[in-house]
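Numbering (this note's numbering), first residue to last: 242 to 573. Think of the CB as a built atom: it goes at the ideal place given N, C-alpha and C, for glycine as much as any other residue.
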(Lines of atoms letter the chains of each structure in order from A; the text may use other names.)
(Lines give C-alpha, C1' and ligand atoms only; values in the text may rest on other atoms or scores of the structure.)
Protein backbone atom coordinates (compact mmCIF):
# COMPACT_ATOMS: atom_id res chain seq x y z
CA UNK A 242 0.00 0.00 0.00
CA UNK A 243 1.51 3.27 -1.20
CA UNK A 244 0.14 6.71 -0.37
CA UNK A 245 0.76 9.48 -2.91
CA UNK A 246 0.04 12.95 -1.60
CA UNK A 247 1.12 16.58 -1.99
CA UNK A 248 0.19 19.62 -4.07
CA UNK A 249 2.36 18.57 -7.02
CA UNK A 250 1.27 14.93 -7.24
CA UNK A 251 -1.32 15.37 -10.00
CA UNK A 252 -1.14 18.68 -11.87
CA UNK A 253 0.57 20.40 -14.78
CA UNK A 254 3.30 22.05 -12.68
CA UNK A 255 5.63 19.36 -14.06
CA UNK A 256 5.75 21.32 -17.35
CA UNK A 257 7.02 24.60 -15.90
CA UNK A 258 6.46 28.12 -17.17
CA UNK A 259 5.42 29.30 -20.65
CA UNK A 260 3.21 26.30 -21.37
CA UNK A 261 -0.42 26.37 -22.42
CA UNK A 262 -2.86 24.26 -20.45
CA UNK A 263 -2.85 20.79 -22.00
CA UNK A 264 -5.53 18.15 -22.53
CA UNK A 265 -5.20 15.26 -20.09
CA UNK A 266 -3.79 12.90 -22.71
CA UNK A 267 -0.77 15.16 -23.28
CA UNK A 268 0.89 14.78 -19.89
CA UNK A 269 1.49 12.22 -17.20
CA UNK A 270 1.71 13.26 -13.56
CA UNK A 271 3.48 11.54 -10.69
CA UNK A 272 0.21 9.94 -9.62
CA UNK A 273 -0.33 8.66 -13.18
CA UNK A 274 3.17 7.21 -13.27
CA UNK A 275 2.84 5.52 -9.90
CA UNK A 276 -0.44 3.89 -10.91
CA UNK A 277 0.96 2.67 -14.22
CA UNK A 278 3.85 0.86 -12.51
CA UNK A 279 2.08 -0.31 -9.36
CA UNK A 280 1.67 -3.95 -10.37
CA UNK A 281 0.46 -5.78 -7.27
CA UNK A 282 0.93 -2.66 -5.13
CA UNK A 283 -2.09 -0.54 -4.30
CA UNK A 284 -1.85 3.20 -4.88
CA UNK A 285 -3.86 5.47 -2.59
CA UNK A 286 -4.06 9.25 -2.91
CA UNK A 287 -5.28 12.24 -0.93
CA UNK A 288 -6.00 15.42 -2.84
CA UNK A 289 -4.67 18.38 -0.85
CA UNK A 290 -5.21 20.73 -3.80
CA UNK A 291 -2.65 22.15 -6.21
CA UNK A 292 -2.37 25.59 -4.57
CA UNK A 293 0.81 25.51 -2.49
CA UNK A 294 -0.34 28.35 -0.27
CA UNK A 295 -3.74 26.92 0.60
CA UNK A 296 -3.15 23.40 1.92
CA UNK A 297 -5.63 23.16 4.77
CA UNK A 298 -5.39 21.31 8.07
CA UNK A 299 -8.31 18.99 7.24
CA UNK A 300 -6.55 17.54 4.19
CA UNK A 301 -3.37 17.07 6.23
CA UNK A 302 -5.31 15.22 8.94
CA UNK A 303 -6.94 13.01 6.31
CA UNK A 304 -3.52 12.22 4.81
CA UNK A 305 -2.06 11.29 8.19
CA UNK A 306 -5.00 9.04 9.04
CA UNK A 307 -4.67 7.12 5.78
CA UNK A 308 -0.86 7.02 6.02
CA UNK A 309 -1.04 5.01 9.24
CA UNK A 310 -2.06 1.96 7.20
CA UNK A 311 0.44 2.44 4.37
CA UNK A 312 3.78 0.76 3.66
CA UNK A 313 5.27 3.78 1.88
CA UNK A 314 4.46 7.48 1.52
CA UNK A 315 5.41 9.51 -1.57
CA UNK A 316 5.01 13.27 -1.12
CA UNK A 317 5.18 15.63 -4.12
CA UNK A 318 6.18 19.14 -3.04
CA UNK A 319 7.98 22.16 -4.47
CA UNK A 320 6.77 25.17 -6.41
CA UNK A 321 4.34 26.01 -9.19
CA UNK A 322 5.44 28.03 -12.22
CA UNK A 323 2.53 26.95 -14.43
CA UNK A 324 1.52 30.05 -16.39
CA UNK A 325 -2.18 29.26 -16.37
CA UNK A 326 -2.09 29.62 -12.55
CA UNK A 327 -1.04 33.24 -13.01
CA UNK A 328 -2.34 34.67 -9.73
CA UNK A 329 -1.18 31.71 -7.67
CA UNK A 330 2.07 30.63 -9.33
CA UNK A 331 5.09 30.78 -7.02
CA UNK A 332 7.95 30.47 -9.52
CA UNK A 333 8.81 31.26 -13.13
CA UNK A 334 8.99 34.63 -14.84
CA UNK A 335 8.19 37.64 -12.61
CA UNK A 336 8.14 35.51 -9.47
CA UNK A 337 11.20 36.48 -7.45
CA UNK A 338 11.29 35.41 -3.80
CA UNK A 339 12.79 36.76 -0.57
CA UNK A 340 13.42 33.26 0.82
CA UNK A 341 13.75 29.74 -0.58
CA UNK A 342 11.70 27.77 1.94
CA UNK A 343 8.78 25.56 0.97
CA UNK A 344 5.56 27.52 0.55
CA UNK A 345 2.67 27.25 2.97
CA UNK A 346 2.15 24.08 4.98
CA UNK A 347 4.15 21.76 2.73
CA UNK A 348 6.83 20.98 5.30
CA UNK A 349 4.21 20.70 8.03
CA UNK A 350 2.47 18.06 5.91
CA UNK A 351 5.66 15.97 5.87
CA UNK A 352 6.28 16.60 9.58
CA UNK A 353 2.86 15.16 10.41
CA UNK A 354 3.33 12.20 8.06
CA UNK A 355 6.72 11.53 9.65
CA UNK A 356 4.99 10.89 12.98
CA UNK A 357 3.39 7.75 11.51
CA UNK A 358 6.81 6.10 11.36
CA UNK A 359 6.29 5.08 7.73
CA UNK A 360 9.12 5.53 5.18
CA UNK A 361 8.77 8.78 3.22
CA UNK A 362 9.99 9.61 -0.27
CA UNK A 363 9.88 13.33 -1.10
CA UNK A 364 9.69 14.40 -4.75
CA UNK A 365 10.55 18.05 -5.39
CA UNK A 366 9.06 19.65 -8.50
CA UNK A 367 10.52 23.12 -8.79
CA UNK A 368 12.33 25.50 -11.12
CA UNK A 369 14.89 26.86 -8.68
CA UNK A 370 16.81 25.62 -5.63
CA UNK A 371 14.88 25.26 -2.39
CA UNK A 372 16.31 25.33 1.13
CA UNK A 373 15.06 22.07 2.63
CA UNK A 374 17.48 20.96 5.37
CA UNK A 375 14.66 19.46 7.45
CA UNK A 376 13.65 17.21 4.56
CA UNK A 377 17.26 16.16 4.06
CA UNK A 378 17.50 15.09 7.70
CA UNK A 379 14.07 13.48 8.09
CA UNK A 380 12.89 12.08 4.75
CA UNK A 381 14.06 8.59 3.79
CA UNK A 382 14.75 9.78 0.25
CA UNK A 383 14.61 13.08 -1.63
CA UNK A 384 14.28 13.09 -5.41
CA UNK A 385 14.94 16.42 -7.13
CA UNK A 386 12.84 16.26 -10.31
CA UNK A 387 13.02 19.96 -11.24
CA UNK A 388 10.27 20.60 -13.83
CA UNK A 389 10.58 17.32 -15.70
CA UNK A 390 8.19 17.93 -18.59
CA UNK A 391 4.92 16.54 -19.85
CA UNK A 392 5.77 12.87 -19.13
CA UNK A 393 8.01 13.63 -16.18
CA UNK A 394 5.67 11.92 -13.75
CA UNK A 395 6.31 8.62 -15.50
CA UNK A 396 10.08 9.14 -15.36
CA UNK A 397 9.99 9.94 -11.64
CA UNK A 398 7.84 6.87 -10.92
CA UNK A 399 10.32 4.66 -12.78
CA UNK A 400 13.07 5.85 -10.44
CA UNK A 401 10.93 5.30 -7.33
CA UNK A 402 10.00 1.76 -8.39
CA UNK A 403 13.60 0.96 -9.35
CA UNK A 404 12.93 0.55 -13.06
CA UNK A 405 15.65 3.16 -13.63
CA UNK A 406 18.79 3.65 -11.54
CA UNK A 407 19.15 7.43 -11.04
CA UNK A 408 22.40 9.03 -12.22
CA UNK A 409 21.71 12.76 -12.44
CA UNK A 410 24.14 15.31 -11.01
CA UNK A 411 23.28 18.81 -9.82
CA UNK A 412 24.16 21.64 -12.26
CA UNK A 413 23.99 24.14 -9.39
CA UNK A 414 24.77 24.36 -5.68
CA UNK A 415 21.82 24.22 -3.29
CA UNK A 416 22.24 26.18 -0.02
CA UNK A 417 20.93 25.33 3.43
CA UNK A 418 19.62 28.87 3.90
CA UNK A 419 18.93 31.83 1.65
CA UNK A 420 21.62 33.84 3.47
CA UNK A 421 24.35 31.26 2.89
CA UNK A 422 26.45 33.25 0.43
CA UNK A 423 28.88 32.61 -1.18
CA UNK A 424 28.01 28.97 -1.74
CA UNK A 425 29.01 28.27 -5.37
CA UNK A 426 31.77 25.69 -5.78
CA UNK A 427 34.27 27.84 -7.71
CA UNK A 428 34.56 30.73 -5.25
CA UNK A 429 37.95 32.31 -4.74
CA UNK A 430 40.09 31.52 -1.69
CA UNK A 431 40.62 34.00 1.12
CA UNK A 432 42.74 34.05 4.27
CA UNK A 433 39.63 35.40 6.03
CA UNK A 434 37.45 32.34 5.66
CA UNK A 435 35.29 31.81 8.73
CA UNK A 436 32.25 29.56 9.20
CA UNK A 437 28.80 30.86 10.04
CA UNK A 438 28.29 31.15 13.80
CA UNK A 439 24.72 29.85 13.62
CA UNK A 440 24.83 26.98 11.15
CA UNK A 441 26.66 24.54 8.92
CA UNK A 442 28.92 26.28 6.39
CA UNK A 443 28.67 23.48 3.81
CA UNK A 444 26.00 23.51 1.10
CA UNK A 445 22.92 21.37 1.50
CA UNK A 446 23.76 19.72 -1.83
CA UNK A 447 26.96 20.55 -3.70
CA UNK A 448 27.45 21.22 -7.40
CA UNK A 449 27.84 17.89 -9.19
CA UNK A 450 26.20 15.91 -6.37
CA UNK A 451 23.75 13.11 -7.05
CA UNK A 452 23.14 9.65 -5.60
CA UNK A 453 22.61 6.28 -7.25
CA UNK A 454 21.15 2.97 -6.10
CA UNK A 455 24.71 1.66 -6.31
CA UNK A 456 28.12 2.97 -5.17
CA UNK A 457 31.25 4.00 -7.04
CA UNK A 458 34.90 4.07 -5.98
CA UNK A 459 37.58 6.28 -7.57
CA UNK A 460 41.26 5.28 -7.70
CA UNK A 461 44.52 5.64 -9.63
CA UNK A 462 44.24 9.24 -10.82
CA UNK A 463 47.21 9.60 -13.16
CA UNK A 464 48.70 12.32 -15.32
CA UNK A 465 52.15 13.47 -16.34
CA UNK A 466 54.02 15.17 -13.51
CA UNK A 467 55.34 17.87 -15.82
CA UNK A 468 54.30 19.33 -19.17
CA UNK A 469 55.11 22.37 -21.27
CA UNK A 470 52.44 25.02 -21.78
CA UNK A 471 50.80 24.36 -25.14
CA UNK A 472 51.02 20.60 -24.77
CA UNK A 473 47.90 18.60 -23.96
CA UNK A 474 47.60 16.91 -20.59
CA UNK A 475 46.11 13.41 -20.59
CA UNK A 476 44.41 12.42 -17.35
CA UNK A 477 43.13 8.95 -16.49
CA UNK A 478 41.14 7.78 -13.49
CA UNK A 479 39.71 4.38 -12.59
CA UNK A 480 36.10 4.10 -11.46
CA UNK A 481 34.58 0.91 -10.06
CA UNK A 482 30.96 0.01 -9.35
CA UNK A 483 31.21 -1.41 -5.83
CA UNK A 484 27.47 -1.84 -5.27
CA UNK A 485 24.94 -4.54 -6.07
CA UNK A 486 23.32 -2.96 -9.15
CA UNK A 487 24.40 -1.82 -12.60
CA UNK A 488 24.54 1.95 -12.79
CA UNK A 489 25.79 5.06 -14.55
CA UNK A 490 28.21 7.52 -12.99
CA UNK A 491 29.09 11.02 -14.19
CA UNK A 492 32.85 11.25 -13.68
CA UNK A 493 33.88 14.85 -13.03
CA UNK A 494 37.32 16.43 -13.50
CA UNK A 495 38.32 19.66 -11.76
CA UNK A 496 41.44 21.84 -11.88
CA UNK A 497 43.00 24.38 -9.51
CA UNK A 498 45.79 26.86 -10.24
CA UNK A 499 47.70 26.63 -6.96
CA UNK A 500 49.52 29.99 -7.18
CA UNK A 501 48.94 33.00 -9.45
CA UNK A 502 49.17 36.80 -9.51
CA UNK A 503 45.41 37.00 -10.02
CA UNK A 504 43.29 35.14 -7.47
CA UNK A 505 41.90 32.01 -9.11
CA UNK A 506 38.93 29.82 -8.08
CA UNK A 507 39.54 26.98 -5.63
CA UNK A 508 38.52 24.61 -8.44
CA UNK A 509 36.93 24.66 -11.90
CA UNK A 510 35.09 21.92 -13.74
CA UNK A 511 37.17 21.12 -16.84
CA UNK A 512 35.62 17.83 -17.96
CA UNK A 513 32.97 15.21 -17.29
CA UNK A 514 31.91 11.91 -18.79
CA UNK A 515 28.97 9.59 -18.18
CA UNK A 516 29.95 5.94 -17.92
CA UNK A 517 27.88 2.76 -17.53
CA UNK A 518 29.34 0.25 -15.11
CA UNK A 519 28.00 -3.23 -14.48
CA UNK A 520 28.01 -4.51 -10.92
CA UNK A 521 31.65 -4.94 -9.87
CA UNK A 522 32.98 -3.56 -13.16
CA UNK A 523 35.94 -1.17 -13.26
CA UNK A 524 36.81 1.19 -16.12
CA UNK A 525 39.58 3.66 -16.83
CA UNK A 526 38.23 7.05 -17.93
CA UNK A 527 40.43 9.41 -19.96
CA UNK A 528 40.36 13.18 -20.32
CA UNK A 529 42.55 15.41 -22.48
CA UNK A 530 43.08 18.98 -21.29
CA UNK A 531 44.20 21.64 -23.76
CA UNK A 532 46.24 24.73 -22.96
CA UNK A 533 43.20 26.98 -22.47
CA UNK A 534 42.35 25.46 -19.08
CA UNK A 535 45.72 26.56 -17.68
CA UNK A 536 45.39 30.23 -18.63
CA UNK A 537 43.34 33.13 -17.27
CA UNK A 538 42.53 36.79 -17.83
CA UNK A 539 44.85 39.13 -15.93
CA UNK A 540 44.00 42.43 -14.22
CA UNK A 541 44.19 44.23 -17.58
CA UNK A 542 41.76 41.84 -19.25
CA UNK A 543 44.49 40.10 -21.25
CA UNK A 544 44.47 36.32 -21.54
CA UNK A 545 47.72 35.04 -20.11
CA UNK A 546 49.49 32.04 -18.61
CA UNK A 547 51.78 31.68 -15.61
CA UNK A 548 53.95 28.60 -15.15
CA UNK A 549 53.44 26.74 -11.92
CA UNK A 550 51.76 23.89 -10.09
CA UNK A 551 48.17 22.82 -10.76
CA UNK A 552 46.02 20.36 -8.81
CA UNK A 553 43.93 17.88 -10.80
CA UNK A 554 40.86 16.50 -9.00
CA UNK A 555 38.49 13.69 -10.02
CA UNK A 556 35.36 12.45 -8.32
CA UNK A 557 31.60 12.12 -8.19
CA UNK A 558 30.90 15.71 -7.11
CA UNK A 559 32.66 19.02 -6.46
CA UNK A 560 33.21 18.18 -2.76
CA UNK A 561 36.77 17.48 -1.65
CA UNK A 562 35.63 14.40 0.29
CA UNK A 563 34.34 12.87 -2.96
CA UNK A 564 37.56 13.49 -4.91
CA UNK A 565 41.09 12.21 -5.37
CA UNK A 566 43.99 14.51 -6.26
CA UNK A 567 47.13 14.71 -8.38
CA UNK A 568 49.70 17.47 -9.04
CA UNK A 569 51.14 18.61 -12.37
CA UNK A 570 53.82 21.20 -13.09
CA UNK A 571 53.14 23.30 -16.20
CA UNK A 572 56.24 25.08 -17.52
CA UNK A 573 56.56 28.01 -19.91
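Tell me, please, which residues DSSP counts as bridged to residue i.
i	result
residue 498	551
residue 515	491
residue 570	467, 550
residue 526	478
residue 446	415
residue 545	537
residue 371	Its beta-bridge partners do not exist; DSSP assigns none.
residue 556	493, 564
residue 385	365
I need the DSSP call for residue i, collapsed to helix, strand or coil.
i	result
residue 349	helix
residue 378	helix
residue 265	helix
residue 561	helix
residue 341	coil
residue 472	strand
residue 508	coil
residue 486	coil
residue 458	strand
residue 326	helix
residue 256	helix
residue 355	helix
residue 432	coil
residue 294	helix
Counting only the same chain and skipping the five closest in sequence on each side, list residues whose C-beta sits under 7 Å from that of residue i.
i	result
residue 571	468, 470, 535, 548, 549, 551
residue 331	293, 320, 321, 344
residue 262	253, 325
residue 404	278
residue 531	473
residue 491	408, 410, 513, 515
residue 413	370, 448
Buried or exposed for residue i, please, with buried defined as at least 16 other CB atoms from any protein chain shown within 10 angstroms of its CB.
i	result
residue 302	exposed
residue 422	exposed
residue 311	buried
residue 430	exposed
residue 314	buried
residue 346	buried
residue 447	buried
residue 438	exposed
residue 269	buried
residue 367	buried
residue 502	exposed
residue 338	exposed
residue 266	exposed
residue 564	buried
residue 335	exposed
Might you give, ordered along the chain, the residues of its own chain that have their beta carbon closer than 6 Å to the beta carbon of residue i, omitting 5 neighbours on each side?
i	result
residue 466	none
residue 517	489
residue 306	none
residue 349	none
residue 500	549
residue 560	447
residue 495	508, 510, 554
residue 567	462, 464, 553
residue 329	292
residue 574	Because the chain is modelled from 242 through 573, residue 574 falls outside the range shown and cannot be assessed.
May I ask which residues mark the beginning and end of the alpha helix (DSSP H) holding residue i?
i	result
residue 399	393-401
residue 298	298-308
residue 271	271-278
Go to residue i, then tell me how far its beta strand (DSSP E) extends in each direction, as first and last residue.
i	result
residue 313	313-319
residue 286	284-287
residue 243	243-246
residue 365	361-366
Cutting at 8 Å between CB atoms, please list the residues of its own chain near residue i, excluding the five before and the five after it.
i	result
residue 416	341, 370, 372, 422, 424, 444, 445
residue 399	274, 278, 405
residue 255	249, 268, 270, 271, 366, 386, 388, 389, 390, 391, 393, 394
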